[in-house]
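Enquirer:
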Amino acid sequence: MRKSDVIEVTEYEAIVYKGPGRRIDKEMFEELEELMLTLSDEGRDGLDFLKLSSRKGSGRVIQVRNYVGVLQMPSGRQLQILPKIHTTTVDAKTAMLKMLRTMRDFPSKSFDATALGNSRMSMFEVYIKLFLDEVSLLVRRGLKSDYRRIEENVRFYKGKMNFARQLTVNHVHKERFFVTFDEYGIDCPENRILKKALMKTLGSSTDAKNRKDARRLLDHFDGIAESHAVAKDFAGIIDDRKNGHYQKAIGWARLLLNDLNVSNTTGTTDTQSLLFSMDQLFESYVGHVIQHRLGREWDISLKGPVKHLFDNGSFRLMPDVVARYRDASDGRMRTRVIDMKWKILDPRSTNLGISSSDMYQMFAYAKKYSCEHVVVVYPLVEGLSRRNIQYTDGDITVHIHLFDCVDGEEDLIDLLRSLDSRQPSVSNTPIIPTKK
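Under the numbering used here, think of the first position of the sequence shown as -16, with each following residue one higher.
Given below as structure tokens:
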């Protein structure tokens, strides 16, 4: 694949074939248009990540929404969508990979996000590499063997006679036996699925190393039938401890074979997509950082506990993270509410473009969860240097934290651990920013 066959864009970027914007050639633009129309006709959710509009001077415009990942078109060309947080492709890819490995349904959890971010591979090839790495681990450990039920019309009797089939099939050929028997071998649903996925990656990948690895791995699947009933084979997998080491590879195979993404955006016969909602990615990543790095003395709840704004149970409140710890100085439990907002702030806007509704929500959290400190986490973007901003009203402080998705984990943890020692904002900035 030529470099020009991988078109890189960022979320929210406008794609055009003429005029200002991220310009691509007319052929690929029309291919994207055709995909959108097909998805619309089929009632699929593809329009969640692409929006068609028009603009003076540019004509038709395809707007990328807040999804990232890769879309491989029927022609083989790829649209690679990266987060809008850093100016370099390397940083954006690294940040995206670090977030991806925290997603619950993302198959691979242990990989070097920085090394992959620095590689020249497109995200599509990165996904294939992660799948091949998991299959390599399986092969080194040894492929699973299992019993397979076989029905066959044979000359020599073995197993059990299938009398119903014997009467209908062999009423003339009395010398044959229609029998059912179990055969032990590696031709089981898991291995058939993996072979099918390996065949597909070999046909889809244009990376020389990935193709070489796929061929090498396929040698170990010789004698295993390629799955021709994928849904049936997936249903035939028994999820037990014996299959635990297959879980990650099968997870990748499920994504690659079904052309699905973790967020269930779209899948078509000719179009492969692995796309992820940035809202879900950011929430998953920051929640993972807090849960695993804040410390054992903290009691951390993701997505809850649920409360309501009014006593009659109306207007549900469910913050992304509620963290509690016992203060050694007085023995009281202290509560921190942390909420994640994947919104690109603008240094040129009033209050950086933070919406009044976000602040109203944080004030409600502070009141209903009885906490003095509420933290709202936004992504740090180019043009913003200050990491922490405070809005104070009486005994409630809302902390705006700008999180560096590449290298900002320690900054967030340091903030959460030091809130009680921080002095309130010296300014009289109201807790509710002015509406734009």
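Where is the CB? At the ideal position from N, CA and C, for every residue including glycine. Because the structure is a prediction, the values reported are computed rather than measured.
#1: Mark residue 358 as exposed unless 16 or more other C-beta atoms lie within 10 angstroms of its C-beta, in which case mark it buried.
#2: What is the DSSP secondary structure of residue 290, counted as helix, strand or coil?
#3: I need the straight-line Cα distance from residue 8 to residue -12, nearest angstrom please.
#4: Please report the distance separating the alpha-carbon of residue -1 from that of residue 202.
#5: Nearest-angstrom Cα distance between residue 398 and residue 219?
#6: Taking the C-alpha atoms as reference points, what is the distance between residue 72 and residue 365?
#7: Kindly indicate which three-state DSSP category residue 343 falls into: helix, strand or coil?
#8: Return the first residue and the last residue of the beta strand (DSSP E) that residue 175 is part of.
#9: Could you tell me the boundaries of the alpha helix (DSSP H) in which residue 123 lies?
#10: Look up residue 241 in the DSSP assignment and say whether it is helix, strand or coil.
#11: Under DSSP, the alpha helix (DSSP H) around residue 353 begins and ends at which residues?
#12: Who are the near neighbours of residue 196 in its chain, counting only those whose CB is closer than 6 Å to its CB and skipping five residues on each side?
#13: Indicate the three-state DSSP secondary structure (helix, strand or coil) for residue 194 in the structure shown.
#14: Please name the residue, chosen from -6, 281, 80, that lies closest to residue 267 on a Cα-to-Cα basis.
#15: Can you tell me which of the three DSSP states residue 1 falls into?
#16: In the DSSP assignment, find the unbroken alpha helix (DSSP H) run with residue 272 in it and report its ends.
#17: Distance, Cα to Cα, residue 215 vs residue 221?
#18: Going by CA-CA distance only, name the one from 172, 284, 264 that's closest to residue 273.
#19: Using DSSP with H/G/I as helix, E/B as strand and the rest coil, what is residue 389?
#20: Short of 6 Å in beta carbon distance, which residues of its chain neighbour residue 62, apart from the five on each side in sequence? Order them along the chain.
#21: Can you tell me which of 262, 345, 403 puts its alpha carbon nearest to the alpha carbon of residue 82?
Expert: With the structure as the only source:
#1: Residue numbering aside, residue 358 sits at position 375 when the sequence shown is read from its first letter. Burial call: buried.
#2: For the purposes of this step, residue 290 is taken as the residue at position 307 of the sequence shown. In this structure, residue 290 counts as strand in the three-state DSSP scheme.
#3: The sequence position of residue 8 within the sequence shown is 25, counting from 1. The sequence position of residue -12 within the sequence shown is 5, counting from 1. Rounded to the nearest angstrom, the two C-alpha atoms are 11 Å apart.
#4: Within the sequence shown, the letter at position 16 stands for residue -1. Within the sequence shown, the letter at position 219 stands for residue 202. C-alpha separation (whole angstroms): 44 Å.
#5: The residue given as residue 398 occupies position 415 in the sequence shown. The residue given as residue 219 occupies position 236 in the sequence shown. Straight-line measurement puts the Cα of residue 219 at about 48 Å from the Cα of residue 398.
#6: Numbered from 1 along the sequence shown, position 89 holds the residue referred to as residue 72. Numbered from 1 along the sequence shown, position 382 holds the residue referred to as residue 365. For residue 72 and residue 365, the distance between alpha carbons rounds to 13 Å.
#7: For the purposes of this step, residue 343 is identified with residue 360 of the sequence shown, where counting begins at 1. In this structure, residue 343 counts as helix in the three-state DSSP scheme.
#8: To locate residue 175, count along the sequence shown from 1; it is residue 192. Note, residue 175: premise wrong, no beta strand (DSSP E); alpha helix (DSSP H) at 172 to 187.
#9: Counted from its first residue, the sequence shown places residue 123 at position 140. Residue 123 -> alpha helix (DSSP H) spans 106 to 124.
#10: Taking the sequence shown and counting its residues from 1, one reaches residue 241 at position 258. In the displayed model, residue 241 falls within a helix according to three-state DSSP.
#11: On the sequence shown, residue 353 is found 370 positions in, with the first residue counted as 1. Where residue 353 is concerned, there is no enclosing alpha helix (DSSP H), given that its DSSP letter is neither H nor E.
#12: As a first step, residue 196 is located in the sequence shown; it is residue number 213 there, counting from the start. 115.
#13: Here residue 194 is taken as the residue at index 211 of the sequence shown, counted from 1. Residue state for residue 194 is assigned as helix, using DSSP reduced to three classes.
#14: The residue given as residue 267 occupies position 284 in the sequence shown. Nearest C-alpha to residue 267: 80.
#15: Reading the sequence shown from its first residue, position 18 is the one you call residue 1. Coil at residue 1, not helix or strand.
#16: Stepping through the sequence shown from its first residue, residue 272 is reached at position 289. Run containing residue 272: 261 to 276, per the alpha helix (DSSP H) assignment.
#17: Stepping through the sequence shown from its first residue, residue 215 is reached at position 232. Stepping through the sequence shown from its first residue, residue 221 is reached at position 238. Put simply, the backbone Cα of residue 215 is about 12 Å away from that of residue 221.
#18: One-based indexing of the sequence shown puts residue 273 at position 290. Among 172, 284, 264, the Cα nearest to that of residue 273 belongs to 284.
#19: Taking the sequence shown and counting its residues from 1, one reaches residue 389 at position 406. DSSP places residue 389 in coil when its eight states are reduced to three.
#20: Here the question's residue 62 lines up with position 79 in the sequence shown. Counting only residues of its own chain and dropping the five nearest sequence neighbours on each side, residue 62 has a CB closer than 6 Å to the CB of -10, 54.
#21: Within the sequence shown, residue 82 is the residue found at index 99, counting from 1. Comparing Cα positions, the closest option is 262.
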